[in-house]
Amino acid sequence: MIKASVIIPTYNRGKLLCNTLATLIGQLSADVEIVVVDQSNEVCSELMEITKNRSTQIHYYKIFVKGLPHARNFGLRRAIGEIIIFCDDDVVPGHNFIENHLQNYTNKDVGGVGGRILPNRKNAVAQYQTGKIRWWDAHLIDNFDATTKEDIEHAQGCNMSFRKEAVVKAGGFDERFGGSAHLEETDLCLRIRKAGYKIVFDPKAELIHLKDTKGGCRAENYKQWFYWYGHNNMLFFLKNFNRYLFPAFVISSFTQLILSACKRCNPMIVVWGVRGYKNGLTTYKSSGQITGMVD
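Numbering (the numbering used here), first residue to last: 1 to 295.
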């Protein structure tokens, strides 16, 4: 059996996490552990009870530094698994969720797996293209509710797994991706692929993402959301794309900000977004290629 660790970062969603754990506990074996990295402000008594009663299977850590990439790296440092499965604290994992991730790693070329993600509804419609990145402006094509197994360029953070050796070789999650941590997992996927590994989409590794509006790394308002969207987009582009494409990236990004401002009747969205893009450039220049790193 492949040893595996399921890492779940959580922030102020104790009761939702308890439901996620209840589903996963039935899928555990002697070779699989759950690592909970809790950044919450308050203690959830129900969560404490579950982790205490299952202390040999669920390893609970309370940390005080906020940030999703930081929590993921913290969990990686303590995980014993050869394969690391990441899921969010507001998901409902499907039947054999863990095993359906692990079976892909019999292929030594596979360094990562993206699983199927369903909204909280039935009969999601499959799309023709999954997990791709548009090369000229860094636009993401998701469609992770598809039903066909295929090679992909990126996975989504609420349902993904990696060989631990691949993540370590790539340098871990880059903790400069702040706020909502938009693109932190995409950045890691690109570095893992550059190291020579494949990433595949397996629809059998399925879960429902509830997308709870509170807790997690959700932005509290439009100002925060568009600022970090701009910041992380700029950082992602500068780290991973050819500089000759920069004008196309800027035009595409600014167009999206204007469309978002018109849709929401709020011109300040452009200001917040541009400020984020500008500071993303500053972040990149001030810290070069440093990532989050795994010890």
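A virtual CB, placed ideally from N, CA and C, is assigned to each residue, including glycine.
**Study point:** For I80, three-class secondary structure by DSSP
**Key:** Taking the sequence shown and counting its residues from 1, the one referred to as residue 80 is at position 80. In this structure, DSSP gives I80 a state outside helix and strand, which the three-state scheme calls coil.
Check your understanding: Is I63 helix, strand or coil by DSSP?
Key -> Reading the sequence shown from its first residue, position 63 is the one you call residue 63. Here I63 sits in coil by DSSP.
Point to revise | Beta-carbon proximity check, N159 vs H231, cutoff 8 Å | key: On the sequence shown, residue 159 is found 159 positions in, with the first residue counted as 1. On the sequence shown, residue 231 is found 231 positions in, with the first residue counted as 1. Taking C-beta atoms as the reference points, N159 and H231 fail to come closer than 8 Å.
Point to revise | Inter-residue Cα distance where the pair is T296 and L47 | key: Given that the chain is displayed from residue 1 to residue 295, the structure contains no residue 296 and the question cannot be resolved.
Practice item. Assuming A4 and G75 form a contact by the criterion Cβ under 8 Å, report the distance between their Cβ atoms to the nearest whole angstrom. Key: Counted from its first residue, the sequence shown places residue 4 at position 4. Counted from its first residue, the sequence shown places residue 75 at position 75. About 13 Å separates the two Cβ atoms, so there is no contact after all.
Practice item. Return yes when the Cβ of D202 is within less than 8 Å of the Cβ of K149, no when it is not. Key: On the sequence shown, residue 149 is found 149 positions in, with the first residue counted as 1. On the sequence shown, residue 202 is found 202 positions in, with the first residue counted as 1. The beta carbons of K149 and D202 sit closer together than 8 Å.
Point to revise | Cut-off 6 Å between Cβ atoms - residues of its own chain near H101, not counting five sequence neighbours on either side | key: Walking along the sequence shown from the start, residue 101 turns up at place 101. For H101, where only same-chain residues beyond five positions count, the Cβ hits under 6 Å are I85, V113, S161 and A205.
Exercise for review: Say whether the region 169 to 186 touches the region 89 to 108, bearing in mind that this needs 3 or more beta-carbon pairs closer than 8 Å, one atom from each stretch.
Suggested key: Here the region 169 to 186 does not lie against the region 89 to 108, with fewer than 3 beta-carbon pairs under 8 Å apart.
Check your understanding: Quick one: what does DSSP say H101 is sitting in, helix, strand or coil?
Key -> Mapped onto the sequence shown, residue 101 falls at position 101. DSSP places H101 in the helix class (H, G or I) of the three-state scheme.
Practice item. Report the partner residues of F237 according to the DSSP bridge assignment. Key: Sequence index remark: in the sequence shown, residue 237 carries index 237 (1-based). Beta-bridge pairing links F237 to no other residue.
Check your understanding: Whole-angstrom Cβ separation of A261 and V274, contact assumed at under 8 Å?
Key -> Here residue 261 corresponds to residue number 261 of the sequence shown, with the count starting at 1. Here residue 274 corresponds to residue number 274 of the sequence shown, with the count starting at 1. Beta-carbon to beta-carbon, A261 and V274 are separated by about 11 Å, too far to satisfy the 8 Å threshold.
Check your understanding: Helix, strand or coil for L140 per DSSP?
Key -> In the sequence shown, the residue the question calls residue 140 occupies position 140. Strand at L140.
Point to revise | Under the three-state DSSP convention, the category I34 falls into | key: Here residue 34 corresponds to residue number 34 of the sequence shown, with the count starting at 1. It is a strand residue.
Practice item. Give the range of the alpha helix (DSSP H) segment to which T283 is assigned. Key: Here residue 283 corresponds to residue number 283 of the sequence shown, with the count starting at 1. Its alpha helix (DSSP H) spans residues M268 to S287.
Review point. In whole angstroms, what is the alpha-carbon distance linking R78 and A166?
Key: Residue numbering aside, residue 78 sits at position 78 when the sequence shown is read from its first letter. Residue numbering aside, residue 166 sits at position 166 when the sequence shown is read from its first letter. R78 and A166 have their C-alpha atoms some 16 Å from each other.
Review point. In the DSSP assignment, what are the bridge partners of K132?
Key: By 1-based counting over the sequence shown, the position of residue 132 is 132. The partner list for K132 (beta bridge, DSSP) reads I141.
**Study point:** Nonlocal neighbours in the same chain, by C-beta distance under 7 Å from K198, ignoring five residues either side
**Key:** Stepping through the sequence shown from its first residue, residue 198 is reached at position 198. Correct list, in chain order: D109, V110, G111 and D151.
Review point. Should the region 233 to 246 be called in touch with the region 132 to 142, which here means at least 3 C-beta pairs below 8 Å?
Key: The region 233 to 246, when compared against the region 132 to 142, does touch it at the 8 Å Cβ threshold.
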